[in-house]
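Below you'll find the structure, written out as structure tokens, and then a few comments.
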Ligand SMILES: [Mg+2]
Ligand SMILES: [Zn+2]
């Protein structure tokens, strides 16, 4: 049996974070009652006209520049004509022949191999309305035009991806970048970041692309992998069985775990694209392009590299912390605050401490809503808490319970520690007294230790800590025990 | 008391402002005249007596309180039924919009209201502004006040007829390929098609977006100039709206035209013009010379392609613009077996034959494999047509042609053959394609006693020139003919 | 342009794209009239336009942009009132099949 190579190209529809729609002033707020964010323009009433939202152009341009695209100084809006109830005018205003942005790239890495993905184009277009099935009585479908006209950018990749893991990685990296730029909120559940995949296979070594199927309705990263894997297997079965792939649109059915052909049309679509006569060419000045370029923030990729080099984080830690712009900002603020409090710490050490604590403790309680993230405590409190650990005032273990109290009361970590008398006992005399008692009560273990079984040390430390109700400074407890045990007899 | 319904817009506004007439009595006189005459003329599809009287009473109140009045205060205005009027039916003379009431006013309607104009009602037209005779109205044709067996022209036939017969002080029509100029010519009144973009299209129900412009129809040039001044100007809701400040058009009335270079298009009347039109056009040239204008011959070599270019571009845009009339959100719905069937039946039942013909033609011209050959090519030839005008205007200040090749024809005369109907627009299409402004002013009567129109074109945004020469010409020929039924 | 032949099949195909139901008589008439109209455009075919840019907008202009500001939407009741059918705040349309469009 021949070996096949998978070829994938992705079309991402990313909703822009404008306040108003692409061609009218209606709000794009999610979840409003049906048809309450609607006006003559987005409902396609007779006589209404579109006017382009400057905020949408600026955001699409920012994304394009971050992805290395060329921004066209004159781009053209075109009408894509087809009849469907979610399309108020029965045409969609999109960009066709001369899109705003072209020729960018995004490099993704999966299991050590890097893949350069060409971004063929990034264009602006309006979103469709929402058809609500089964809500109406009888046979009706109900249409809600609140979403109609929302500004989207469509990001089209070349057929450059070779596996479902690469596709997933590409989507994750792309989403991160768009969120970092503040142009998309990355909210998959609300459909702010949607993806169609063009999937084909070809015998290994063949240059010519195979016939592709377009997979629609993939609204989570998990589905992307499953849908592509299913589709590749299906195509291989068809082709190895001597069949041919029909170019068609298929949809991912999560319940059945299959891609299914969408109701096939009797004839091919003919969208009759032509430049929208209501909209003169969109002009962007070179100055505007340069201003947008200059204002680009540090991108996740660069951030990761910096976290590795400057803060000594592992790649995995850096990846988590740069995955959301607010978390990255929070992380960096916490590190800076910790360095200010504990000036003996190196940047490296501070970075690691904060990275560990934020990942293992703080992020558990984080609630993300698109670009907004609700974190349980401030970055100052994180720094304060870690500084208390650093100075030996509390133990790492105590830090967790202090965090819980800070979250519950909103009080500062220092205040919680003071109020609850949690300060570690660093008084050597007190520790020594407790240690002597423990050693006296556990003579057989002391004998074992002296015979060379030094791992019973852990047991002694535990017992001392228990006796001191957890308030002993672990480092001192260790030192004192070691000293006592080395004493004769 | 003077007969308010026959007075010019500027006279009416002055009489109301001075208190000689009240806005309410002017409105009553107009409504009475509509009641008496419109049974035959059928210029109106909808008369809003109540709204008009309220608006008039508001003007009278404002005057009584010493408020500053707008330039149209108390003047009865009719609006072609393709412009949205809040709370008033707007149907485009189509079954598919029967009973449709828009939730907003078109920009031009807002402007008329803001200037104190009293909106009397909505005017008959060819369905979706497609036609040159008004025979394509789904609600019965408007008739020519000069001869009710004849067409008032189209598509703004109702607007021109109402203006000619005094059923409004002035009206607003829309012009895509000649739709205010040709009916004005047939009804013996004046109409201006402004530069593309000079008047906002917001709220004008689109026929062909790259050509549509709202234009005034009035009984004299000064009135038309005042109306243009009211509706012209930038509107941020229309991305094709021009930002340049508006000129004082009315101030051009009475200015000298001596030395003005008037371009006469070579062989203009060779193509299928009636002898009466040829003769009137020749006479016009003498009259302009007598006014001190300098006549120069100019050429528009690509003019002959205007018809083909227009009948590709306009239907193509229309096929897309009219896609929204599908029975889902507003207007007529004819239920079918399923969604697709409902679309097709709704549109099949809602649109008349000419609209269907143009939707088919336009869909075909944009369809896969034909876009380059038809739509794109037509847009390139449009460039050549536009360049012809640029060239011509290097040698002249304005340019003249007849407005239409004939005077008003009889109903049914051309309705069997789309091409012969389309030929009515041969003079008005080229300026539309080039986006330049043009006016039609009456230039005499045919031996049958029917009005004939003169078209004057100017370069982009030079509407001032049209007013200046139009007013001088109208004054020189002492045009004061009114349809037989006028008084 | 390649001399287009308008046949009944072409008419039906175009009518389908345009979502327009035509009676058999209308199809015949349309076929005849479209042929005549397109034939009258034959002179365009001969015209050389190489190097001529298209004029999509008659007057040279740059579209003004709109600031990203939220404006009041329209009252739902008024918009729905114009609809042939509505229910629960939605525009009611014939059942939409998944994957149509
Ligand atoms: Mg798209
Ligand atoms: Zn809206």
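Chains as they are written, first to last, in this note's numbering: chain V, 135 to 623; chain Y, 91 to 577; chain U, 137 to 237. Beta carbons: idealized from backbone N, C-alpha and C, even for Gly.
Under 9 Å between C-beta atoms of residue i and residue j
i: residue 347(V); j: residue 144(V); result: no
i: residue 172(V); j: residue 279(V); result: yes
i: residue 200(U); j: residue 326(Y); result: yes
i: residue 224(V); j: residue 413(Y); result: yes
i: residue 235(V); j: residue 204(V); result: yes
i: residue 560(Y); j: residue 272(Y); result: no
i: residue 456(V); j: residue 462(V); result: yes
i: residue 536(Y); j: residue 336(Y); result: no
i: residue 395(Y); j: residue 174(U); result: no
i: residue 496(V); j: residue 509(V); result: yes
i: residue 225(Y); j: residue 573(Y); result: no
i: residue 443(Y); j: residue 164(U); result: no
Buried versus exposed call for residue i [16 or more other C-beta atoms within 10 Å across all chains shown]
i: residue 401(V); result: For residue 401(V), the predicted model reports a pLDDT of 49, less than 50, meaning its position is unreliable; a value from the coordinates is still stated below. Exposed: under 16 other Cβ atoms inside 10 Å.
i: residue 319(V); result: buried
i: residue 189(U); result: exposed
i: residue 297(V); result: buried
i: residue 365(Y); result: exposed
i: residue 341(V); result: exposed
i: residue 104(Y); result: exposed
i: residue 383(V); result: buried
i: residue 568(Y); result: exposed
i: residue 101(Y); result: buried
i: residue 596(V); result: exposed
i: residue 142(V); result: buried
i: residue 219(Y); result: buried
i: residue 110(Y); result: exposed
i: residue 257(V); result: buried
i: residue 499(V); result: exposed
i: residue 476(Y); result: buried
i: residue 403(V); result: exposed
i: residue 377(V); result: exposed
i: residue 570(Y); result: exposed
Residues bridged to residue i [DSSP beta-bridge criterion]
i: residue 557(Y); result: DSSP, once it has assigned bridges, lists no residue as partnering residue 557(Y).
i: residue 235(V); result: 205(V), 256(V)
i: residue 408(V); result: 213(V)
i: residue 287(V); result: 148(V), 258(V)
i: residue 173(Y); result: 294(Y)
i: residue 327(V); result: 148(V)
i: residue 255(Y); result: Its beta-bridge partners do not exist; DSSP assigns none.
i: residue 226(V); result: 214(V)
i: residue 506(V); result: 503(V)
i: residue 489(Y); result: 353(Y), 547(Y)
i: residue 212(Y); result: 136(Y), 169(Y)
Proximity winner among the options, relative to residue i (alpha-carbon distances)
i: residue 329(Y); options: 198(U), 209(U), 218(U); result: 198(U)
i: residue 113(Y); options: 131(Y), 150(Y), 138(Y); result: 150(Y)
i: residue 230(U); options: 248(V), 251(V), 267(V), 232(V); result: 267(V)
i: residue 246(Y); options: 266(Y), 237(Y), 392(Y); result: 266(Y)
i: residue 223(Y); options: 192(Y), 455(Y), 133(Y); result: 133(Y)
i: residue 181(Y); options: 565(Y), 398(Y), 296(Y); result: 296(Y)
i: residue 331(Y); options: 173(Y), 198(Y), 519(Y); result: 198(Y)
i: residue 162(V); options: 301(V), 286(V), 529(V); result: 286(V)
i: residue 212(Y); options: 190(Y), 204(Y), 206(Y); result: 190(Y)
i: residue 216(V); options: 276(V), 489(V), 226(V); result: 226(V)
i: residue 470(V); options: 454(V), 507(V), 516(V), 500(V); result: 516(V)
i: residue 524(Y); options: 228(U), 191(U), 206(U); result: 191(U)
i: residue 299(V); options: 350(V), 255(V), 244(V), 248(V); result: 244(V)
Quick one, what's near ligand 1 if you take every residue whose CB is closer than 6 Å to any heavy atom, in chain order?
228(V), 259(V), 288(V)
Any heavy atom of ligand 2 within less than 5 Å of residue CB: hits in chain order
158(V), 160(V), 173(V), 175(V), 176(V)
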